[in-house]
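Trainee: Protein sequence lines correspond, in order, to chains A and B. Residues 4 to 405 (our numbering) make up the first sequence, in order. Residues 4 to 405 (our numbering) make up the second sequence, in order. Every residue, glycine too, gets a C-beta built ideally from N, C-alpha and C. One structure, as structure tokens, below. Some questions next.
There are 2 protein chains.
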Amino acid sequence: MSETPTAQAFTDHSLRLAQIANPQSEIVHFPAHEPLPLDCGAELAPFSIAYQTYGELNAAKSNLVLVCHALTGDQHVANIHPVTGKPGWWDTMVGPGKPIDSNRYFVLCPNVIGGCMGSTGPSSINPATGRSYGLDFPVITVADMVRAQARLLDHLGIPDVLSVLGGSMGGMQVLEWAATYKDRVFSAVPIACAARHSSQNIAFHEVGRQAVMADPDWCQGRYLDEGRSPRKGLAVARMAAHITYMSDDALHNKFGRNLQDRDKVTFGFDADFQVESYLRHQGLSFVDRFDANSYLYITRAMDYFDLAADHGEVLANAFASTKTRFCLVSFTSDWLFPTEESREIVHALNAVAANVSFVELKTDNGHDSFLLHEPELFDTIRGFLAAAAMKRGVAGAEGWLP
Amino acid sequence: MSETPTAQAFTDHSLRLAQIANPQSEIVHFPAHEPLPLDCGAELAPFSIAYQTYGELNAAKSNLVLVCHALTGDQHVANIHPVTGKPGWWDTMVGPGKPIDSNRYFVLCPNVIGGCMGSTGPSSINPATGRSYGLDFPVITVADMVRAQARLLDHLGIPDVLSVLGGSMGGMQVLEWAATYKDRVFSAVPIACAARHSSQNIAFHEVGRQAVMADPDWCQGRYLDEGRSPRKGLAVARMAAHITYMSDDALHNKFGRNLQDRDKVTFGFDADFQVESYLRHQGLSFVDRFDANSYLYITRAMDYFDLAADHGEVLANAFASTKTRFCLVSFTSDWLFPTEESREIVHALNAVAANVSFVELKTDNGHDSFLLHEPELFDTIRGFLAAAAMKRGVAGAEGWLP
């Protein structure tokens, strides 16, 4: 990793820090007397939820599509990102005429509790001390994130969602929504996820956390107060994680053993191979837009996710008497959340006679497929949403089916 | 990771450092006027090879079995390890009556060049400066390791090997031996390896190297001179690597989501889960026995390994006119060196009409299977060696076949 951050990196850093207190998003501040109860037993108060919307809520309030973001995502789904200056993470999926069509649906994406783009998280100010929370921030869960989102919907006066969608940790939130707020979820699309985080995935997360904590600039979590930043540790964490988001085939096809801007190996520790250069870039660009403590907290929330454990160790219990229409999607080359884990959810849904469809899409793009150009995914989601809208009687939906 | 190394850790550290200059092994010192030419163009001089042996060389010098160790292995195959106090890494495989039977064979295992258990490596004294090499050590390759081993055999007066065996990077050395010293290798057993390091594997190695280099105690590679040690960075590197040595199923079966010495999660960043505790232990115990710069150099040697590239991009050319008898072994759950990569070697050997057998063993134990109790692996190697010995006319071998 570069020893001296570039001017660009410093700029991004200040841009990022500005988003914590004053996000370039709509934001709702819940005052201290309206605390958020957490699974750990503590309460978060006050707390804020930053969110983006696309499209218009219809008169019947029946066209809300809630998008839940993944570990390192945020609310900037389909607008230019205020820190990176790049298109939002699901720009291919959300917008006018796109699969989640903002001409039809009112699309809402909140930043998760624990995040770093305006919703309350470990880099927010702790009212008890006047300084950033750091490790005094309570450990949160996926259920806590979803509970906060329900509070946001209450605040906005929207009783329920036409559909809730998300990939990876977003999919965990979708499952949690469907299990906890059965009457508020007409349809649900969990993509590339699981009902519990596997041993191997916990292991990779633990490596990432240890990489962050090993960085002396982490300062036991107090780096913001110290004016420091555990850039190297967080970059290593991101590099390790990034490998798991791709597939062996994707790496082979994209990079193979190709060399980076050279004809032969240099017999040294520079990035001789393109895959090394690519990973280093992924690590460095990530630390410009993400908070290290948020990374610790959100990975922990995923580790703790175990929907069956929360329902007497029987996953089907989580969905008992559900009326929600489900569409599950997995990807053949996803080794982080393999198809088998989606199939377990389908089995649980079948056991309670839920309305469920399941698509395994063939692709080499690994776990990240849900973020990439996957025409079959686009078609699946466009069609499922249109059918849900028609079934629910959303005004105008009759003409939306292909 | 623990902030304060335990007394035990300090003890191990000094035990380990002692092995660099004065290994508890046989050792051959090649003087400055007998340099080792390296692929990078430099020469290593003087250089030393530390090695262990088991059993006796027969009168015909026809019963040598050369064992090549993997990335973090060493010459202590089947004796108590001088640093850890534990049995050698292939204690189940090598010894009297074991599959590689030291009552039949003269078993030899050298520490690789670049290692840290007595063979010359980055922690050895650089004669030009009187201090440890650090990053002034030349970047070495698998071919350099093998060239040094051939020099050791010359020195010992042993013209050729009955068999050369090894797993992972050991398997790469086996392939290199067979390709480079065709007349000196009667039989060869490459296990769980590949003819070139894949893009994904280079990526994981790069993460490990960046974790080491991100540790300020690495001191740009001069930590020995500074009396420091990049323990945290090397532990993170080991943790990431260790995940790749197992399999999703192995982690699931061994740990699942079991908690470590507690009934419920603690809503914190302690090792709640057994898999976290296990990984932390793997990281910490590794740094007690291994040198960080050796880790950099040896991972680099593996990254550079590409036997086809060294032979006009045609792997079969590497084995043209070979008379060596090959036995390849892969494991179904090995995702670091998947069976397909062994199959590519088999195809290349078939293309030159080599004598080759290939066994894919069904196991959940992942890449590490070659180090574990795998009875089918034991049977395969015992039988193959006995057949090779009989074919070669090793005295007494008639009765060795089961």
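Determine whether the Cβ of Met242/B lies closer than 8 Å to any Cβ atom of chain E.
Mentor: Among the protein chains in the structure shown, which are A and B, there is no chain E.
Trainee: Buried or exposed, going by whether 16 or more other CB atoms sit within 10 Å of the CB of Ser345/A?
Mentor: buried
Trainee: Please list the segments of the beta strand (DSSP E) lying wholly inside the segment 17-44 of chain B, counting only runs of 3 or more residues, in order along the chain.
Mentor: 29-33
Trainee: Taking C-beta pairs closer than 8 Å, name the residues in chain A that Ile30/B reaches, listed in chain order.
Mentor: Within 8 Å Cβ-Cβ: nothing; Ile30/B doesn't reach chain A, min ~26 Å.
Trainee: Would you call the segment 49-65 of chain A and the segment 118-127 of chain A in contact, with 3 or more CB pairs under 8 Å?
Mentor: yes
Trainee: In terms of DSSP beta bridges, what is Thr56/A paired with?
Mentor: Answer is Leu111/A.
Trainee: If you scan the segment 251-335 of chain B from start to end, which runs of the beta strand (DSSP E) of 3 or more residues do you find wholly inside it?
Mentor: 328-334
Trainee: On a CA-only basis, which of Arg154/B, Leu39/B and Phe270/B is nearest Leu41/A? Give me that one, please.
Mentor: Phe270/B
Trainee: Nearest CA to the CA of Ala182/A: which residue from His208/A, Ala153/A and Ala253/A?
Mentor: Ala153/A
Trainee: How big is the Cα-Cα spacing for Leu237/A and Thr383/B?
Mentor: A straight-line Cα-Cα distance of about 45 Å links Leu237/A and Thr383/B.
Trainee: Sort out for me which residues DSSP pairs Pro193/B with in a bridge.
Mentor: Gly169/B
Trainee: Measure the C-alpha to C-alpha separation of Val2/B and Pro90/B and round it to an integer number of angstroms.
Mentor: Outside the displayed range of chain B (4 to 405) lies residue 2/B, so it cannot be described from this structure.
Trainee: Do Arg406/B and Arg231/A have their C-beta atoms within less than 8 Å of each other?
Mentor: Lying outside 4 to 405, the shown extent of chain B, residue 406/B is not represented and no answer is given.
Trainee: Taking only three categories from DSSP, how would you classify Ile143/B?
Mentor: coil
Trainee: Below 8 Å between beta carbons: does that hold for Asp275/B and Arg265/B?
Mentor: The Cβ atoms of Asp275/B and Arg265/B lie closer than 8 Å to each other.
Trainee: Taking the straight line between their C-alpha atoms, what separation do you get for Val397/B and Asn66/B?
Mentor: 7 Å
Trainee: Nearest-angstrom Cα distance between Gly402/A and Pro102/A?
Mentor: 15 Å
Trainee: Do you know offhand how far His314/A's Cα is from Lys267/B's?
Mentor: 15 Å
Trainee: Note down, in chain order, each residue of its chain lying with its Cβ closer than 7 Å to the Cβ of Ala217/B, except the 5 sequence neighbours on either side.
Mentor: Gly236
Trainee: Leaving out five residues on either side along the sequence, give the residues of the same chain with a beta carbon under 6 Å from the beta carbon of Gln277/A.
Mentor: Excluding sequence neighbours, Gln277/A sits near Phe258, Asn261 and Gln263.
Trainee: Quick check: the Cα distance between Phe373/A and Phe308/B, rounded to an integer number of angstroms?
Mentor: Spanning the two alpha carbons is a distance of roughly 34 Å.
Trainee: Comparing C-alpha positions only, which one of Met172/A, Ile348/A, His350/A and Pro341/A sits nearest to Leu364/A?
Mentor: Ranking Met172/A, Ile348/A, His350/A and Pro341/A by Cα distance to Leu364/A puts Pro341/A first.
Trainee: What three-state label does DSSP hand Arg225/B in the structure shown?
Mentor: coil
Trainee: Quick one: grab the DSSP three-state call for Ile103/B.
Mentor: Ile103/B carries a strand assignment under DSSP once its states are collapsed to helix, strand and coil.
Trainee: Count the C-beta pairs between the segment 76-91 of chain B and the segment 30-38 of chain B that are closer than 8 Å, then say yes if the count reaches three, no if not.
Mentor: Flag = no, the segment 76-91 of chain B and the segment 30-38 of chain B do not touch.
Trainee: Consider the Cβ of Ser190/B: report whether some Cβ of chain A lies at a distance smaller than 8 Å.
Mentor: Taking Cβ atoms only, chain A never reaches closer than 8 Å to Ser190/B, which makes this a no.
Trainee: What is the rounded straight-line gap between the Cα of Gly224/B and the Cα of Gly133/B?
Mentor: 16 Å
Trainee: To be precise: take each residue of the segment 240-267 of chain A, compare its Cβ to all Cβ atoms of chain B, and keep it if any distance is under 7 Å. Which residues remain?
Mentor: Those would be Met242, Ala243, Ile246, Asp251, Leu254, His255, Phe258, Gly259 and Arg260, in chain order.
Trainee: Could you pull the DSSP bridge partners for Ser360/B from this structure?
Mentor: Cys330/B
Trainee: Hey, is Gln27/A's beta-carbon within less than 8 Å of any beta-carbon in chain B?
Mentor: No, no contact with chain B.
Trainee: Which bits of chain B does Gly271/A rub up against, with CB to CB less than 7 Å?
Mentor: Val142
Trainee: Let me see if you follow: with CB-CB separation under 8 Å, is Glu279/B close to chain A or not?
Mentor: yes
Trainee: Give the residues from the segment 215-243 of chain A that approach chain B closer than 8 Å (Cβ to any Cβ), ordered along the chain.
Mentor: Met216, Ala217, Asp218, Pro219, Lys235, Gly236, Ala238, Val239, Met242 and Ala243
Trainee: Within the same chain, show all residues whose beta-carbon is closer than 6 Å to that of Met305/A, passing over the 5 residues directly before and after it, in chain order.
Mentor: Within the same chain, and ignoring the five residues on either side of Met305/A in sequence, the residues whose Cβ sits closer than 6 Å to its Cβ are Met172 and His200.
Trainee: Which of the three DSSP states, helix, strand or coil, is assigned to Ile348/A?
Mentor: helix
Trainee: Is it buried or exposed for Phe387/B, if we count other Cβ within 10 angstroms and need 16 for buried?
Mentor: buried
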